[in-house]
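As you go down the protein sequences, you meet chains A and B in turn. Under our numbering, the first residue of the first sequence is numbered 68, with each subsequent residue one higher. Under our numbering, the first residue of the second sequence is numbered 68, with each subsequent residue one higher. Reviewing the structure listed below.
Number of protein chains: 2
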Amino acid sequence: MQLLKDRIRKDGVIKEGNVLKVDSFLNHQMDIALINEMGREFRRLFPDNSINKILTIEASGIGIACITAQYFNNCPVVFAKKTQSINIDGEVYSTQIKSFTHGRTYDVIVKKAFLSPEDNILIIDDFLANGCALLGLIDIVKSSGAKIAGAGIVIEKGYQQGGELVRSKGVRVESLAIIDEMDPVNGCKFRDDN
Amino acid sequence: MQLLKDRIRKDGVIKEGNVLKVDSFLNHQMDIALINEMGREFRRLFPDNSINKILTIEASGIGIACITAQYFNNCPVVFAKKTQSINIDGEVYSTQIKSFTHGRTYDVIVKKAFLSPEDNILIIDDFLANGCALLGLIDIVKSSGAKIAGAGIVIEKGYQQGGELVRSKGVRVESLAIIDEMDPVNGCKFRDDN
Numbered sequence: 068m069q070l071l072k073d074r075i076r077k078d079g080v081i082k083e084g085n086v087l088k089v090d091s092f093l094n095h096q097m098d099i100a101l102i103n104e105m106g107r108e109f110r111r112l113f114p115d116n117s118i119n120k121i122l123t124i125e126a127s128g129i130g131i132a133c134i135t136a137q138y139f140n141n142c143p144v145v146f147a148k149k150t151q152s153i154n155i156d157g158e159v160y161s162t163q164i165k166s167f168t169h170g171r172t173y174d175v176i177v178k179k180a181f182l183s184p185e186d187n188i189l190i191i192d193d194f195l196a197n198g199c200a201l202l203g204l205i206d207i208v209k210s211s212g213a214k215i216a217g218a219g220i221v222i223e224k225g226y227q228q229g230g231e232l233v234r235s236k237g238v239r240v241e242s243l244a245i246i247d248e249m250d251p252v253n254g255c256k257f258r259d260d261n
Numbered sequence: 068m069q070l071l072k073d074r075i076r077k078d079g080v081i082k083e084g085n086v087l088k089v090d091s092f093l094n095h096q097m098d099i100a101l102i103n104e105m106g107r108e109f110r111r112l113f114p115d116n117s118i119n120k121i122l123t124i125e126a127s128g129i130g131i132a133c134i135t136a137q138y139f140n141n142c143p144v145v146f147a148k149k150t151q152s153i154n155i156d157g158e159v160y161s162t163q164i165k166s167f168t169h170g171r172t173y174d175v176i177v178k179k180a181f182l183s184p185e186d187n188i189l190i191i192d193d194f195l196a197n198g199c200a201l202l203g204l205i206d207i208v209k210s211s212g213a214k215i216a217g218a219g220i221v222i223e224k225g226y227q228q229g230g231e232l233v234r235s236k237g238v239r240v241e242s243l244a245i246i247d248e249m250d251p252v253n254g255c256k257f258r259d260d261n
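So, in structure tokens, the structure goes:
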């Protein structure tokens, strides 16, 4: 998605240690017009009319998922919640997700009532890097018996293994921007750059 | 907002201990069409064209704020982040918010770059009860020198002191549903019920 790649080049800040800060337009301050264009593009990439629910994970996936849902017939959005082992009972699907950013492991839960075998789920998230979060969400959807239509990702770090791991499980992943290389001096090299 | 009150009556679950669960349509699974109607109503209540930014707090405020922003000329949404005392540096406004639900105190931060004295801020959140979260957000906006156009709240527990506390500080608060009484047997009594 050219608009997004241009914006990452303009406003993204690359820091040492594999850090790309996009907090001025994506995950702290959010550019709603840009996110609408993302929603429209996710719809183009996933035209399947049987998609009836979007699953994401708190916190930064939520806004993107809600705007995107408007392009999928206002389907409901379910966001997985990060907890620290309180009240994991029989009413929820749960999985563990390791966060490299925060250096710890979360229990992530979705209430069972909100996923069912009749659902065809589109997963939406802002970043795909090592794949832990996305694999956790896939795990939860599989526990419920729902179908997975695919995963729509805003920014994929293509030089990490997450995208390959998830695709090798047969899950379709569409990323609006795939970064193949980045460093503070030379900036981002995107997969489909010339 | 009648549509919301009807939905709370239909799908809200009241539990002992002052708990109203609205997780089937508002803060775990989200009804996007309903939230669009909320956004439209917030716009009607705050027609001020100088509002140029929406501030909310993670996690459940984010989706409501993003949908609402579409009714405010696609203005940017900034969400305050809950941290646990890592990296509070000079680049952020911070305040402390006590969560009664989770029984602990969070540091809540907003990057200074995203709020300025030229801004006129609408604060959006899902719940107003004791007022701690909203007072914290107001504190952050005041630190930045920005104006506060007001606060748009989805559900106010009118029998707790938060709404009065905030209004007594001269901040306009508009709540789409104000609950004056609730209990598991008799359900919700809303402020403007006959």
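In this text, a Cβ means the ideal position worked out from N, Cα and C, and glycines have one as well.
Collapsing the DSSP output to three states places A:ARG239 in coil. Here the alpha carbon of B:SER235 sits roughly 14 Å from the alpha carbon of B:GLN227. Between the beta-carbon of B:ILE164 and that of B:GLY203 there is about 4 Å, and that keeps the pair under the 8 Å contact cut. Taking 3 residues as the minimum length, the beta strand (DSSP E) runs contained wholly in the stretch 111–173 of chain B are 120–124, 144–150 and 159–166, in order along the chain. Minimum Cα-Cα distance from B:ILE131 among the listed residues B:ASP192, B:SER183 and B:LEU182 corresponds to B:ASP192. Listed along chain A, the residues sitting closer than 7 Å to B:PRO143 by beta-carbon distance are GLN96, MET97, ASP98 and ILE99. Separation of B:GLN96 and A:PRO143 (C-alpha to C-alpha, rounded to the nearest whole angstrom) is 7 Å. Taking 7 Å as the Cβ-Cβ cut-off, the stretch 117–137 of chain B approaches chain A at GLU125, ALA126, ILE129, GLY130, CYS133, ILE134, ALA136 and GLN137, given in chain order.
With respect to chain B, the C-beta atom of A:PHE167 has no partner C-beta closer than 9 Å. Counting only the Cα atoms, A:ASP90 lies some 29 Å from A:ASN140.
It is roughly 29 Å from the alpha-carbon of B:GLY170 to the alpha-carbon of A:LEU182. Two segments are said to touch when three or more pairs of C-beta atoms, one from each, lie closer than 8 Å; by this definition the stretch 108–127 of chain B does not touch the stretch 195–215 of chain A. Put simply, the CB of B:ASN187 is far from chain A, with every gap to its CB atoms at 9 Å or more. Among the residues facing chain A, B:PHE146 is included, as its CB has a counterpart in that chain under 9 Å away.
Ranking B:ILE81, B:THR168, B:ILE190 and B:ILE176 by CA distance to the CA of B:LEU122 puts B:ILE190 first. Look at B:ASP90: its C-beta is under 9 Å from a C-beta on chain A.
Against chain B, a Cβ distance below 7 Å from A:PHE109 picks out nothing, because the smallest value is about 14 Å. The residue among B:LEU195, B:GLU241 and B:ILE188 with its C-alpha nearest the C-alpha of B:ILE215 is B:ILE188.
If you check the CB distance, B:GLY219 and B:GLU248 do not come in under 9 Å. No Cβ of chain B is located within less than 9 Å of the beta carbon of A:LYS77. Bounds of the alpha helix (DSSP H) holding A:ALA200 are 199–211.
The DSSP-derived three-state label of B:ALA100 is helix. When A:ASP174, A:ARG110, A:LEU112 and A:CYS133 are compared, the shortest CA-CA separation from A:ILE99 is found for A:CYS133.
Under DSSP, B:MET105 forms no beta bridge with any residue. Residue pairing by DSSP places B:ALA218 opposite B:ILE190 and B:VAL240 in a beta bridge. By the rule that beta-carbons nearer than 9 Å mark a contact, A:ILE191 does not touch chain B. Under the three-state reduction of DSSP, A:PHE92 is assigned to coil, being neither helix nor strand. Close to A:PHE181, with beta-carbon spacing below 9 Å, are these residues of chain B in chain order: ASP90, SER91, HIS95 and GLN96. Contact between A:PHE257 and A:VAL221 is ruled out by a C-beta separation of about 13 Å, above the 8 Å threshold. In the DSSP secondary-structure assignment, A:ILE245 is bridged to A:GLU223. In the DSSP annotation of this structure, the continuous segment of the beta strand (DSSP E) that includes B:LYS256 starts and ends at 254–257.
Taking C-beta atoms under 8 Å as the contact rule, B:GLY79 and B:CYS255 qualify, at a distance of about 7 Å.
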